[in-house]
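Read the structure below first, then the notes.
Numbering (our numbering), first residue to last: 248 to 1106.
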């Protein structure tokens, strides 16, 4: 029995010994997280949700041998790269190798397959080179290697186009097919399998050949990469391996395609036979070599002489390739341009562009030399130090033995001195040497040119001929040298009086001419006459002597006063002499109608001086409605003028005269005082507190005491400064911006608010507007009235509203006359409305009744 127990214990011990090592040898299969993007046929997700593709077949075959468990992580490409960088996946398949990526990821050693990028376009779209991409919309996969290379190529060729980013190549082909983009970037394999399924067309633009591999997080999964390379190398050698089967399955590449074609063997046999013939010709070749060597020595000597001549040439010599990249410059070019040869070789000639030549000139140049012809012309180029110089340039093509153009050579002569002399002669031909003004020859040509280009139905051309009345007396009294210096000062004052873009000239002797730019109506000439007389009314002080100068002016307007330049000049002289006949120091218009209009303006100016005494001025008020509660939140004070013996005069007629004569300053102060006094009276009568808007003219704003005037009015009337809003136009703030901002801040310190009136008609930008201490914008009524008539005006209104909302400014739309305008403005967030839709400007008592009505839901 004991023996039986001993045997059983022995058997149990053996069984235990056999079972104990089993856990030691058991091994859990490692999980490998494999990331891939939808990039058929490299990798992708089938309709059943499983991963498939060339890279997937290879990975699964290697996993089978290595005992890996594969966990697939599908992602868009940018997310794939992010997952790889943060080690959220162990392996990313189908990634192209680049030196930049190799700094961030670890690659395997062997290429899985080679690929490259192609540019596809819509059928009918003409894209043959990078130059054709200017202004096009191009779709790319963001952070894709082909995308990055394509962008670098665009930058290298200075091509400007709009890039549209997509998640994968299929989306790009969809965009091209649907007409959303003009072209798109894809790789060779995707295009090979899919281009027939879309309305796309391959272009000649091919770029970025790459090695497609696999990658792991930097410094990690080295064992996985090593195993991948080991199995990949074996699979490539075996023609029936999964690697070759996958290529055949997905790309249609058969294993037999890798065998040596029979024609190669025939070629090799032919080469072997031909080698035997070489010996026959060896001796003959040696003799020919000796003869060629002698010829070569002679040619080298000739080329040495030619090179020396080019190096020592007194002209600049530049040689470029066919794309304009500089390959050689001689010393004279370096002397003229200021550049060293090393600084320009490899650069394009655009390095020297000054911006003074038109794009058409360069287009003609390239068209000529590309056609194999010589081009001649002049360039104004820029030196290294930024100074400009002139080149007389001859550019010719250089051809090789086959007649193909390989280079271009430019021979340049520095003609800066000659051009400067030409400019002097040209200036003297068209200018008066004493005053520097244009001469009669230029004036006659200018008038002729203006007549040809003007719109006769909507524009007028004015000519003012000005005679210095007492110049002869000055010459007789002080001498001709004194008179010449006086003429120079007169010319300066006439130039100051002229409006921008006017042509001021010395017609002859003591006669001057002024031609303002084309304008609508004839009021421009009236304004210029007043400005000239104002300038001439100031004493001239020279050598301690005070001289008073008067002028006689004749005015003509085309087409009423002459059909051409000669008639205009003749009629202007007649009007000028009539002015002298009438006693000098006066103005005569050639036509009766124009004369009557000028007289009317002069009459208005005279009547305006007496407007205070006659109590002709009055104020009316237009309410501003907040559409959110349909209540009046403020009013704008508007100046009206109704002379006792005349019909009411439009503000567009009399306000410019007030500004020209300077009367706008006292009138503006009166308006400010009366409006503030009225606002206080309304409050005392029980009306709700309303904001009062008062317009400030440019002349008032430029005066240094505007802030003091506002402070005084507020103190005298007792109006709360918070209820006063001063409206200024944006154009007046663009002049002397630093001083304008200081004046605006002084007004803000008084507690009043500031509004930018007629916004949208000037040149203010969001950046400039953000620096001004204004609290309100008013959309100009001209844009509001055309809100639904022209898309550009609608865009301006929408942009102004967006700018105000961005800066947190109050916004008021003026000139609202229709329900459609009101609905559009409210829909965009502009809820404060002013215009005839709700109410016209009213006298104070009628305005009070309007406000007392409460809500104004209906216009």
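Don't be surprised by glycine CBs; every beta carbon is placed ideally from N, CA and C.
Since the structure is predicted, the reported quantities are computational estimates derived from the model, not experimental observations.
1) Do residue 1023 and residue 1039 have their C-beta atoms closer together than 8 Å?
2) In this structure, does DSSP put residue 932 in helix, strand or coil?
3) In the DSSP assignment, the beta strand (DSSP E) including residue 654 goes from what residue to what residue?
4) Can you check DSSP and say which residues form a bridge with residue 780?
5) Which word fits residue 1082, buried or exposed, when buried means at least 16 other C-beta atoms lie within 10 angstroms of its C-beta?
6) Touching or not, the stretch 591-600 and the stretch 563-576, by the rule of three or more beta carbon pairs under 8 Å?
7) State buried or exposed for residue 938, treating a residue as buried only when at least 16 other CB atoms are found within 10 Å of its CB.
8) Measure the alpha-carbon distance for residue 356 versus residue 370 and round it to whole angstroms.
9) Is residue 976 buried or exposed, if buried means 16 or more other CB atoms sit within 10 Å of its CB?
10) What does the Cβ neighbour count give for residue 954, buried or exposed, with the cut at 16 atoms within 10 Å?
11) In chain order, what residues of the same chain lie with their CB nearer than 7 Å to the CB of residue 968, ignoring the 5 residues before and after it?
12) Quick check: what's the CA-CA separation for residue 855 versus residue 895?
13) To which residues does DSSP link residue 1080 through a beta bridge?
14) Thinking C-beta only, is residue 991 closer than 8 Å to residue 971?
15) So within the stretch 430-467, which uninterrupted beta strand (DSSP E) runs reach at least 3 residues, ignoring any that extend past its ends?
16) Per DSSP, which residues does residue 299 bridge with? Please list them.
17) Strictly by DSSP, which residues pair up with residue 913?
18) Would the stretch 646-664 count as touching the stretch 695-706 if we require 3 or more Cβ pairs under 8 Å?
19) Express the C-alpha separation of residue 558 and residue 1117 in angstroms, rounding to a whole number.
20) By a C-beta neighbour count over all protein chains shown, 10 Å radius and 16 as the cutoff for buried, is residue 283 buried or exposed?
21) Is residue 1020 helix, strand or coil by DSSP?
22) Rounded to the nearest angstrom, how far is the Cβ of residue 642 from that of residue 616, given a contact under 8 Å?
23) With DSSP run on the structure shown, which of helix, strand or coil describes residue 770?
24) Nearest CA to the CA of residue 660: which residue from 674, 737, 626?
25) Quick one: Cα of residue 1056 to Cα of residue 1068, how far?
26) Under the three-state reduction of DSSP, which class applies to residue 923: helix, strand or coil?
27) Taking Cβ to Cβ, would you say residue 363 is nearer than 8 Å to residue 288?
28) Within the same chain, show all residues whose beta-carbon is closer than 7 Å to that of residue 1088, passing over the 5 residues directly before and after it, in chain order.
29) Return the CA-CA distance between residue 345 and residue 1017, expressed in angstroms with no decimal places.
30) With distance defined between alpha-carbon atoms, name the residue in 891, 655, 892, 712 nearest to residue 803.
31) Quickly, what does DSSP pair residue 942 with across the bridge? List them, please.
32) Per the contact definition of three or more C-beta pairs closer than 8 Å, is the stretch 627-641 in contact with the stretch 596-604?
33) To the nearest angstrom, how far is it from the Cα of residue 1029 to the Cα of residue 775?
34) Considering only residues of the stretch 326-382, which uninterrupted alpha helix (DSSP H) runs meet the minimum length of 4 residues and lie entirely inside it, listed in chain order?
35) Residues in its own chain within less than 6 Å of residue 584 by CB, not counting five upstream and five downstream?
36) Where does residue 628 sit, in a helix, a strand or coil, going by DSSP?
Once the coordinates are examined:
1) By 1-based counting over the chain shown, the position of residue 1023 is 776. By 1-based counting over the chain shown, the position of residue 1039 is 792. Inclusion of residue 1023 and residue 1039 in the CB contact set at 8 Å is not warranted, their separation being larger than that value.
2) Mapped onto the chain shown, residue 932 falls at position 685. Residue state, collapsed to three classes: coil.
3) By 1-based counting over the chain shown, the position of residue 654 is 407. Run containing residue 654: 652-661, per the beta strand (DSSP E) assignment.
4) Stepping through the chain shown from its first residue, residue 780 is reached at position 533. The partner list for residue 780 (beta bridge, DSSP) is empty, contrary to what the question assumes.
5) For this step, residue 1082 is matched to residue 835 along the chain shown. The residue in question, residue 1082, is buried, as its Cβ has 16 or more Cβ neighbours within 10 Å.
6) They touch, by the three-pair rule.
7) Reading the chain shown from its first residue, position 691 is the one you call residue 938. Residue 938 is buried by the Cβ-count criterion.
8) Here residue 356 refers to the residue found at position 109 when the chain shown is read from its first residue. Here residue 370 refers to the residue found at position 123 when the chain shown is read from its first residue. Going by the C-alpha atoms only, they are around 40 Å apart.
9) Start at 1 with the first residue of the chain shown, and residue 976 comes out as number 729. With 16 or more other Cβ atoms within 10 Å, it is buried.
10) Stepping through the chain shown from its first residue, residue 954 is reached at position 707. Result: buried.
11) As a working note, residue 968 is residue 721 in the chain shown. Cβ neighbours of residue 968 within its own chain (closer than 7 Å, five residues either side excluded): 961, 997, 998, 999.
12) Here residue 855 refers to the residue found at position 608 of the chain shown. Here residue 895 refers to the residue found at position 648 of the chain shown. Answer to the nearest angstrom: the Cα atoms are 13 Å apart.
13) Taking the chain shown and counting its residues from 1, one reaches residue 1080 at position 833. Bridge partners of residue 1080: 872, 1060.
14) Residue 971 sits at position 724 when you count from the first residue of the chain shown. Residue 991 sits at position 744 when you count from the first residue of the chain shown. At least 8 Å separates the beta-carbon of residue 971 from that of residue 991.
15) Whole beta strand (DSSP E) segments, 3+ residues: 430-434, 448-464.
16) Against the chain shown, residue 299 aligns to sequence position 52. DSSP lists 291 as the beta-bridge partner residues of residue 299.
17) Here residue 913 corresponds to residue number 666 of the chain shown, with the count starting at 1. The beta-bridge partner set that DSSP reports for residue 913 is empty.
18) Under the three-pair Cβ rule at 8 Å, the stretch 646-664 does not count as touching the stretch 695-706.
19) The first residue shown for the chain is 248 and the last is 1106, placing residue 1117 beyond what the model contains.
20) If you number the chain shown from 1, residue 283 lands on position 36. Buried, by the Cβ-count rule.
21) By one-based count along the chain shown, residue 1020 stands at place 773. Coil, per DSSP.
22) As a working mapping, residue 642 is identified with position 395 in the chain shown. As a working mapping, residue 616 is identified with position 369 in the chain shown. Rounded, the Cβ-Cβ distance is 6 Å, consistent with contact.
23) Position 523 of the chain shown holds residue 770. The DSSP-derived three-state label of residue 770 is helix.
24) Translated into positions along the chain shown, residue 660 becomes position 413. Distance check between residue 660 and each of 674, 737, 626 places 626 closest, using alpha-carbon atoms only.
25) To locate residue 1056, count along the chain shown from 1; it is residue 809. To locate residue 1068, count along the chain shown from 1; it is residue 821. Cα to Cα, residue 1056 sits roughly 21 Å from residue 1068.
26) Residue 923 sits at position 676 when you count from the first residue of the chain shown. DSSP places residue 923 in helix when its eight states are reduced to three.
27) The residue labelled residue 363 in the question sits at position 116 within the chain shown. The residue labelled residue 288 in the question sits at position 41 within the chain shown. Taking 8 Å as the cut-off, the beta carbon of residue 363 is found no closer than this to the beta carbon of residue 288.
28) Within the chain shown, numbered from 1, the residue matching residue 1088 stands at position 841. So the list reads 867, 868, 869, 885, once near-sequence residues are dropped.
29) Translated into positions along the chain shown, residue 345 becomes position 98. Translated into positions along the chain shown, residue 1017 becomes position 770. Rounded to the nearest angstrom, the two C-alpha atoms are 46 Å apart.
30) The residue labelled residue 803 in the question sits at position 556 within the chain shown. Of 891, 655, 892, 712, the residue nearest in Cα terms is 712.
31) Position 695 of the chain shown, counted from the first residue, corresponds to residue 942. Partner(s): 974.
32) With the rule of 3 Cβ pairs closer than 8 Å, the stretch 596-604 counts as touching the stretch 627-641.
33) Here residue 1029 refers to the residue found at position 782 when the chain shown is read from its first residue. Here residue 775 refers to the residue found at position 528 when the chain shown is read from its first residue. One C-alpha to the other measures close to 27 Å.
34) Positions of the alpha helix (DSSP H) runs, each at least 4 residues long and wholly inside the stretch 326-382, are given as 346-349 in order along the chain.
35) For the purposes of this step, residue 584 is taken as the residue at position 337 of the chain shown. Here the set comprises 630.
36) As a first step, residue 628 must be located in the chain shown, where it is residue number 381. Reduced to three states, the DSSP call for residue 628 is strand.
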